[in-house]
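Residue numbers (numbering that gives the first Met the number 0), protein chains in the order written: chain A, 0 to 354; chain B, 0 to 354.
Heads up, the beta-carbon is just placed ideally off N, CA and C, and yes, glycines get one too.
Computed from a predicted model, the values in this text were never measured in an experiment.
There are 2 protein chains.
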Amino acid sequence: MTTTPLDPQNWSCPVPLRDHPTIVMGHGGGGRLGAELIEHLFLPAFGGTGSILAQLGDAAVVQAGAARLAFSTDSFVVRPRFFPGGNLGDLAINGTVNDVAMTGAVPLFLSAGFVLEEGLALDELGILAQTMGAAARRAGVEVVTGDTKVVDAGHGDGAYITTAGVGLIAPGVDLGPHRVQPGDVVLVSGPIGLHGIAVLSVRDGFEFGSEILSDTAPLNGLVAALLAAGVDVHMMRDPTRGGVAAILNEIAASSDTGVEIVERSVPVPEPVSAACSLLGLDPLEVANEGRLVAFVGRDDADHALEVLRSDPLGVGATAIGQVVAEHAGVVVARTGIGGTRVVDLPLSEQLPRIC
Amino acid sequence: MTTTPLDPQNWSCPVPLRDHPTIVMGHGGGGRLGAELIEHLFLPAFGGTGSILAQLGDAAVVQAGAARLAFSTDSFVVRPRFFPGGNLGDLAINGTVNDVAMTGAVPLFLSAGFVLEEGLALDELGILAQTMGAAARRAGVEVVTGDTKVVDAGHGDGAYITTAGVGLIAPGVDLGPHRVQPGDVVLVSGPIGLHGIAVLSVRDGFEFGSEILSDTAPLNGLVAALLAAGVDVHMMRDPTRGGVAAILNEIAASSDTGVEIVERSVPVPEPVSAACSLLGLDPLEVANEGRLVAFVGRDDADHALEVLRSDPLGVGATAIGQVVAEHAGVVVARTGIGGTRVVDLPLSEQLPRIC
């Protein structure tokens, strides 16, 4: 008979987590609290620093027989489930497609696990599933396996969807923090902050004058175009929870370089800027669901921008900064008035349940 | 800007689902309600009858470059999270390992998506993660990627875990309903009903005299042993939600054969039998989390039993019936008093949130 080989009496939570003896909303954000949970709780449990999990990329890169695969998962708990520009369904597809694509892989297959709350209207579930199917077809992937569980009313919030995705990495494709080096140019594929503000705009109590649509979209087409054009991409990430600020900090830390961005080069749409001013948010920390941040060699930057801009999803692509040898692990922004400020890793997502 | 290509106005729920205009607990069971949801809602949304999803196995079998993979997902919402013999953590690992293994694959990599409720004790999350790590090591797989989301108190139940798994299928391995044929012997790897009754035994209001432990365990070792021994396995399934009854019905339907089992050959432990009598449950419909049902050619049955019994997890393996050409799609049981009864597909799981 199976017994658990762990003695709960011997488990003790590492010190850094003790500031919060219970889970708080911030643990689900893309910031420092979430990172502590990974570093001190999940990583030791799942194999430690030598494990594949310790890659801590958007997706794991693994070898299965003769195939090099990217494998990723994301749980989606966005509230409300329908927001301007998208819903929980396309978010669940695009989010995992994008995580897989950021390794340079071609996303192929997705799984979908549904945790449904008793009382959810079947019509709504139908719409979510149809939206997922349409998003999968748009991205050129197939949902091949799934599971459905139902929880009692009062123990869910309509629907939570966890997708996982498998993609194939072509021989020779090698992206990651080890490739990032001083001189690399930091590109973003379009305007930032749209997803977070779009979701926030339909939360109770907030109303903005102009409708802001989520940018949720599959990025695998952009990635494939960059690689097909021979652009030597060193690393890519999609700046979801924690926004561009979290991604840049993560890359600076993992590649042991500094990152310097120029604030006025960062494409922040006027309505996002206005909403952020009103709410005291930093657009750099707001979630995106259809943007990528790419690090490319200086000589390849113009070519990369050209390739990105030739795709409707990358039409607003622009360079926002560069990698420097100084201040390793730290991200700084040149401000509009000539100074610089440190762009820190957010403590947690400013807006919970954004994806 | 992305817009959803689906017009919600045009979505109409197919007729068979209209009996339940909202999600009910039974939709999460392994029975008829869940099957209707898949057939009429998910399958049309995700590609229809020609799609890979339409394989409807425990895992999808897909080709990624040169590798033939098994890919599966399961969401785990068991309540309570700790039960005799296991907890949510090892259940989440073993459940997906087993689904992948049932295709004949060697499970390699898992993902884990956590939906945590605000207020969950970090100590408990630590124990769950440590248990998952230990279960993964026992099964010889690695959790390589994950995600954590936090939902507000009152919108979850501590922790829901969705795992997905990828396994590699060796050349020549070909299992599935197309291989099942009259004359095949139906084997079960050990006593049934333990998991469902173990969970039920710690639910409020139930108490049984003897402690029944869940059978949660990884089955990939048994599968590998069968294949390594050259047993020509035609098909395998692990009888989780809906129990052995659901699995046999599914196989009978998908292979267009009949299945005949002998009731007195079905290994039902006495405490399970007693609990089922007390509660009016059919042991054939109770969930297992560490058993497999295998269909093998008649000439291979004894060899298969020998291989299974030489592993501690298969020591109680036994033959419970056979595949017949008559009554295609229907499962019948020979009863103790000489008659026969139809073993129907359960309407839904008798015990909600069992896994």
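DSSP state of residue i mapped onto helix, strand, coil
i         : result
Arg178(A) : helix
Met131(B) : helix
Ser74(A)  : strand
Thr147(A) : strand
Asn219(B) : helix
Pro266(A) : coil
His233(B) : strand
Arg136(B) : helix
Leu291(B) : coil
Glu259(B) : strand
Val329(A) : coil
Gly195(B) : helix
Ala303(B) : helix
Arg240(B) : coil
Ala324(A) : coil
Cβ of residue i within 7 angstroms of any chain A Cβ
i         : result
His194(B) : no
Pro4(B)   : Note that Pro4(B) scores a pLDDT of 45, beneath 50, so its modelled location is shaky; the value from the coordinates is reported in the next line. For Pro4(B), the answer is yes, since a Cβ of chain A falls inside 7 angstroms of its Cβ.
Thr1(B)   : In this prediction, Thr1(B) scores a pLDDT of 40, lower than 50, which makes its location untrustworthy; the coordinate-derived value is nonetheless stated afterwards. Yes, because at least one Cβ of chain A sits closer than 7 angstroms to the Cβ of Thr1(B).
Ser110(B) : yes
Gln129(B) : yes
Leu304(B) : no
Gly241(B) : no
Cβ pair residue i, residue j closer than 7 angstroms
i         : j         : result
Leu174(B) : Gly289(B) : no
Val149(A) : His233(B) : no
Ser110(A) : Thr144(A) : yes
Ser347(A) : Gly28(A)  : yes
Leu304(A) : Leu221(A) : no
Ile196(A) : Arg67(A)  : no
Ala355(B) : Gly166(B) : Residue 355(B) lies beyond the stretch modelled for chain B, which goes from 0 to 354, so this question has no answer here.
Ala245(A) : Leu107(A) : no
Met235(B) : Ala286(B) : no
Ile258(B) : Ile191(B) : Residue 258(B) is actually Val in this sequence, not Ile. Contact: no.
Gly112(B) : Asp146(B) : yes
Given residue i as reference, the closest of the options once Cα atoms are compared
i         : options                                       : result
Arg240(B) : Met234(B), Leu119(B) and Glu249(B)            : Glu249(B)
Asp237(B) : Ala100(B), Ala152(B) and Thr334(B)            : Ala100(B)
Val172(A) : Ala227(A), Gly328(A) and Gly189(A)            : Ala227(A)
Ile260(B) : Glu117(B), Ala318(B) and Leu225(B)            : Ala318(B)
Asp231(B) : Ala134(B), Gly118(B) and Arg297(B)            : Arg297(B)
Ala120(B) : Ile22(A), Ser347(A), Ala66(A) and Ala293(A)   : Ile22(A)
Val142(A) : Pro181(A), Gly125(A), Asp156(A) and Ile92(A)  : Ile92(A)
Glu206(A) : Leu55(A), Ala273(A), Glu116(A) and Val96(A)   : Ala273(A)
Leu127(B) : Tyr159(B), Phe108(B), Gly118(B) and His154(B) : Tyr159(B)
Asp301(A) : Leu167(A), Ala316(A) and Val331(A)            : Ala316(A)
Val429(B) : Leu247(B), Ala63(B) and Asp146(B)             : Because chain B is modelled from 0 through 354, residue 429(B) falls outside the range shown and cannot be assessed.
Leu225(B) : Leu212(B), Ala152(B) and Arg308(B)            : Arg308(B)
Ala135(A) : Val292(B), Arg178(B), Asp156(B) and Phe45(B)  : Phe45(B)
Interface partners of residue i on chain C, CB under 8 angstroms
i         : result
Glu117(B) : No chain C appears in the structure shown, which is made up of the protein chains A and B.
Chain B contact for residue i (CB, 7 angstroms cutoff)
i         : result
Phe41(A)  : yes
Glu38(A)  : no
Leu226(A) : no
Gly132(A) : yes
Gly27(A)  : yes
Pro7(A)   : Confidence at Pro7(A) is low in this model, with a pLDDT of 46, below 50, so the placement of that residue should be treated as unreliable; the coordinate-derived value is given next. Judged by the 7 angstroms Cβ criterion, Pro7(A) is in contact with chain B.
Leu107(A) : yes
Within chain A, partners of residue i - CB distance below 7 angstroms
i         : result
Asp146(B) : Thr72, Asp73 and Ser74
Glu141(B) : Gly46, Ser50 and Ile51
Ala120(B) : Pro20 and Thr21
Arg352(B) : Val150
Partners in chain B for residue i, counting only beta-carbon separations shorter than 7 angstroms
i         : result
Thr161(A) : Ser74, Gly112 and Thr161
Asp156(A) : Val150 and His154
Ala33(A)  : Note that residue 33(A) is Gly in the sequence shown, not Ala. Near Gly33(A) (Cβ distances below 7 angstroms), the residues of chain B are Thr147.
Ala58(A)  : Thr144
Any non-hydrogen atom of the ligand ATP within 6 angstroms of residue i CB
i         : result
Gln180(B) : The ligand ATP is not among the ligands present in this structure, which contains no ligands whatsoever.
Within chain A, partners of residue i - CB distance below 9 angstroms
i         : result
Phe205(B) : Within 9 angstroms Cβ-Cβ: nothing; Phe205(B) doesn't reach chain A, min ~17 angstroms.
Val165(B) : Val61, Ala63, Leu68, Phe70, Ala163 and Val165
Beta-carbon neighbours of residue i, restricted to chain B and to distances below 8 angstroms
i         : result
Ala245(A) : Neighbours of Ala245(A) on chain B: none; closest Cβ ~14 angstroms, over 8 angstroms.
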